[in-house]
Amino acid sequence: MFNETPVSEKALAYLKKYGLWGLIGLGLLVYGLLPGGGQNQEVPVSAPATSQRDSDIASAERELETKATDILRQVAGAGEIKVRVVLKATENRNFAVNSNITRRTTQEKDERGGNRTITEVTEQNQLVLTRNGSQEVPVMVQAVRPPIEGVVVAATGARDPVIKAQLANTVATLFHIPVHRVTVIAAQ
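Numbering (this note's numbering), first residue to last: 414 to 601.
Here it is, written out as structure tokens:
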């Protein structure tokens, strides 16, 4: 019925050795194609939506614009003032973290006089949380304001070059930015 041909010992050993590896590879491939196969399921971290970040930037810009307008109105001869501040990004917030770093060093010597040193470092970081009613919120250590990209000042008194220079220097000093990031224009 079947044509039986003898298989050499070498070919049989080859099939056993590499056939097993082929089956393992095929199994891993199928496992990877399954939904969620082999991948760690990450817990989604709630991040503010883009519109929330945009409104945070706009809110910070308005706050700075109001402060600048209040100061610039004090400049004699400035007249009516409007200020526009442009920030690079939202503020950078740093949160408290509990860190646990473990170092383990092993020194081995063999009978031939060879030395081997193995250093193993394990680091674990955990966000510090505090209760706020029924929620747990992270503890903020520092909030760094975003850098100012530029400032535009529109003033009715900016036709006078002395007033224009005073306004530009006041804004540069107020926000700790170079004068070339400040533009003062004459308003109508």
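Positions of the beta carbon are idealized from the N, C-alpha and C atoms, including for glycine. Being a predicted model, the structure only gives us computed values, none of them experimental.
Cβ-based burial, Phe588 [other Cβ within 10 Å; buried from 16]: Start at 1 with the first residue of the sequence shown, and residue 588 comes out as number 175. With 16 or more Cβ atoms within 10 Å of its Cβ, Phe588 is classed as buried.
Leu580, buried or exposed, once every other Cβ within 10 Å from all chains shown has been counted against 16: Here the question's residue 580 lines up with position 167 in the sequence shown. It is buried - the Cβ of Leu580 has at least 16 other Cβ atoms within 10 Å.
Leu477 burial status per 10 Å Cβ neighbour count (16 or more: buried): In the sequence shown, counting from the first residue as 1, residue 477 sits at position 64. With 16 or more Cβ atoms within 10 Å of its Cβ, Leu477 is classed as buried.
Collapsed DSSP secondary structure at Ser421 in the structure displayed: Here residue 421 is taken as the residue at index 8 of the sequence shown, counted from 1. Three-state DSSP puts Ser421 in coil, outside helix and strand.
The stretch 540-553 / the stretch 485-496 touching (three or more Cβ pairs under 8 Å): no
Distance CB(Thr530)-CB(Thr515) smaller than 9 Å: Here residue 530 is taken as the residue at index 117 of the sequence shown, counted from 1. Here residue 515 is taken as the residue at index 102 of the sequence shown, counted from 1. Result no, Cβ atoms of Thr530 and Thr515 do not sit closer than 9 Å.
Buried versus exposed call for Ile576 [16 or more other C-beta atoms within 10 Å across all chains shown]: Counting from one through the sequence shown, the residue named residue 576 turns up at place 163. It counts as buried.
First through last residue of the alpha helix (DSSP H) which encompasses Val584: By 1-based counting over the sequence shown, the position of residue 584 is 171. Note, Val584: alpha helix (DSSP H), Pro574 to Phe588.
Same chain, Cβ closer than 8 Å to Leu485, neighbours up to 5 away in sequence not counted: On the sequence shown, position 72 is the one that residue 485 refers to. Same-chain partners within the cutoff: Ala491, Ile494, Val496, Val566, Ala568, Leu580, Thr583 and Val584.
Supposed contact pair Asn513 and Gln537 - C-beta distance, whole angstroms, cut 8 Å: Within the sequence shown, residue 537 is the residue found at index 124, counting from 1. Within the sequence shown, residue 513 is the residue found at index 100, counting from 1. Their Cβ separation, rounded to whole angstroms, is 5 Å, which keeps Gln537 and Asn513 in contact under 8 Å.
Gly432, buried or exposed, once every other Cβ within 10 Å from all chains shown has been counted against 16: To locate residue 432, count along the sequence shown from 1; it is residue 19. Exposed is the call here.
Span separating the alpha-carbon of Val535 from that of Val499: Locating residue 535 in the sequence shown gives position 122, counting from the first residue. Locating residue 499 in the sequence shown gives position 86, counting from the first residue. In the sequence as presented, Val is not what sits at residue 535; that position holds Thr. Cα to Cα, Thr535 sits roughly 43 Å from Val499.
Exposure of Gly570, with buried meaning 16 or more beta-carbon neighbours within 10 Å: Residue numbering aside, residue 570 sits at position 157 when the sequence shown is read from its first letter. Result: buried.
Option in Pro560, Glu474 and Pro551 with minimal Cα separation from Val510: Position 97 of the sequence shown holds residue 510. Nearest option by C-alpha distance: Pro551.
Backbone secondary structure at Ser512 - three-state DSSP: Translated into the one-based positions of the sequence shown, residue 512 becomes position 99. It is a strand residue.
Helix, strand or coil at Arg475 according to DSSP, with G and I counted as helix: By 1-based counting over the sequence shown, the position of residue 475 is 62. Residue state, collapsed to three classes: helix.
Per DSSP, the bridge partner or partners of Leu542: Position 129 of the sequence shown, counted from the first residue, corresponds to residue 542. Paired residue(s): Pro551.
Pick from Val564, Leu446, Lys522 and Gln539 that is closest to Arg480, judged by C-alpha positions: Reading the sequence shown from its first residue, position 67 is the one you call residue 480. A small correction: the amino acid at residue 480 is Lys; Arg does not occupy that position in the sequence shown. The shortest Cα separation from Lys480 among Val564, Leu446, Lys522 and Gln539 belongs to Val564.
Supposed contact pair Ala471 and Leu559 - C-beta distance, whole angstroms, cut 8 Å: Counting from one through the sequence shown, the residue named residue 559 turns up at place 146. Counting from one through the sequence shown, the residue named residue 471 turns up at place 58. It is worth fixing the name first, because residue 559 is Pro in this sequence and not Leu. Not really, about 12 Å apart at Cβ, beyond 8 Å.
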